[in-house]
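Scroll down for the structure; my scribbles are underneath it.
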Amino acid sequence: MQEQHSFTADQDKGILYLVPTPIGNLDDMTFRAIKTLKEVDLIAAENPSHTQQLLNHFEIDTKKISFREDNKDYRIDELVQTLNDGQNVAQVSDAGMPSISDPGQELVKACVDNNINVVPLPGANAGLTALIASGLVPQPFYFFGFLNRKNSDQISELEELNQHSETLIFYEAPHRLNKTLKNMQKVFGADRQAVLCRELTKKFEEFDRGSISELIEWTEANQVRGEFVVIVDGNKNATQENQEQDELAGLSIQEQVDLFIGKGMKTNAAIKEVAKLHKVKKQEIYNIYHEI
1 MQEQHSFTAD QDKGILYLVP TPIGNLDDMT FRAIKTLKEV DLIAAENPSH TQQLLNHFEI
61 DTKKISFRED NKDYRIDELV QTLNDGQNVA QVSDAGMPSI SDPGQELVKA CVDNNINVVP
121 LPGANAGLTA LIASGLVPQP FYFFGFLNRK NSDQISELEE LNQHSETLIF YEAPHRLNKT
181 LKNMQKVFGA DRQAVLCREL TKKFEEFDRG SISELIEWTE ANQVRGEFVV IVDGNKNATQ
241 ENQEQDELAG LSIQEQVDLF IGKGMKTNAA IKEVAKLHKV KKQEIYNIYH EI
């Protein structure tokens, strides 16, 4: 195991500070975050030109370099060397917390592997900001972030997530929102409650609450702009479905159908229930059961 005592660091090594930045409103920058960015030797920024606007606002003139997805492989080695040389580094993403749907995790891992202290600062996070104002149950929750862009892969991800009873948190771009909601409707159902949270902390902050089908209609009736957090109610039947799947494990299809019949279901209803649990067409289970 490894112990880290954040503020009794090896004086020969620097510290990596993970510094959250505002998700919209610059007033959400903390005093500690500003102080840290002023005092470190180097800022590793996802997009230096974007970060410069923040630095200008708070009169911070610390040197900065880019650290993003397409240069992380060689930049990590450089940053670890800088830290090993005793310099302190702050890592920032364009908005919110580093590593949350943004670069950072690999740098943290490299620092841990090299016994370099990693110190996180608290701050803005779009997912939690949206969750507490959504009106849906805030805990437990399951943060997923961005779904896969490929349609078939997205459907597969949603089918797996449909086994969760926790409130679900997603991020989505405006041009993909309608398609994503339609896939959610296919998997979660039209009546599942959800909330679209747009432009959080900014002038045009907006919350649109309703069923998934209602939110699809909203996206088709309005100009969809801004980055979205999508909060979706968990599957309240997930626990029961998982218990049923455990109960059916090891049984043949005929035995599974007979089990539901034994609980009082009619044959066709039992066949339909087994098909639903296996995520196949009812006709397929019908044919197996009746040996057609």
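So in this note's numbering, spot 136 of the sequence shown is number 136, and the numbers just go up one at a time. Virtual Cβ for every residue (Gly too), placed ideally from N, Cα, C.
Item                                                                                                           : Value
Cα-Cα separation between Thr136 and Ile23, rounded to whole angstroms                                          : In the sequence as presented, Thr is not what sits at residue 136; that position holds Leu. Going by the C-alpha atoms only, they are around 22 Å apart.
Pair within 8 Å by beta-carbon distance, Gln154 and Asn162                                                     : no
8 Å Cβ cutoff met for Val229 and Phe188                                                                        : no
Beta strand (DSSP E) runs contained entirely in the stretch 47-122, provided each spans 3 or more residues     : 64-66, 89-92, 118-120
Residue interval of the beta strand (DSSP E) (run including Val229)                                            : 228-232
Cβ-based burial, His195 [other Cβ within 10 Å; buried from 16]                                                 : Per the sequence shown, the amino acid found at residue 195 is Val instead of His. Burial call: buried.
Status (buried if at least 16 other CB within 10 Å, exposed otherwise) for Asn25                               : exposed
Exposed unless 16 or more other CB atoms sit within 10 angstroms - verdict on Asn235                           : buried
Three CB pairs or more closer than 8 Å across the stretch 40-49 and the stretch 66-75                          : yes
Alpha-carbon to alpha-carbon, Glu214 and Arg75                                                                 : 45 Å
Length of the line joining the Cα atoms of Ile216 and Lys182                                                   : 7 Å
Contained alpha helix (DSSP H) runs [length at least 4] in the stretch 16-45, N- to C-terminal order           : 31-39
Beta-carbon proximity list for Gln293, same chain, < 7 Å, skipping 5 on both sides                             : What is shown of the chain runs 1 to 292, which leaves residue 293 out entirely.
Whole runs of the alpha helix (DSSP H) within the stretch 140-213, excluding any shorter than 4 residues       : 151-161, 177-188
Own chain partners of Lys13 with C-beta closer than 7 Å, once the 5 adjacent residues on each side are dropped : Leu83, Asn84, Gly86, Ile116
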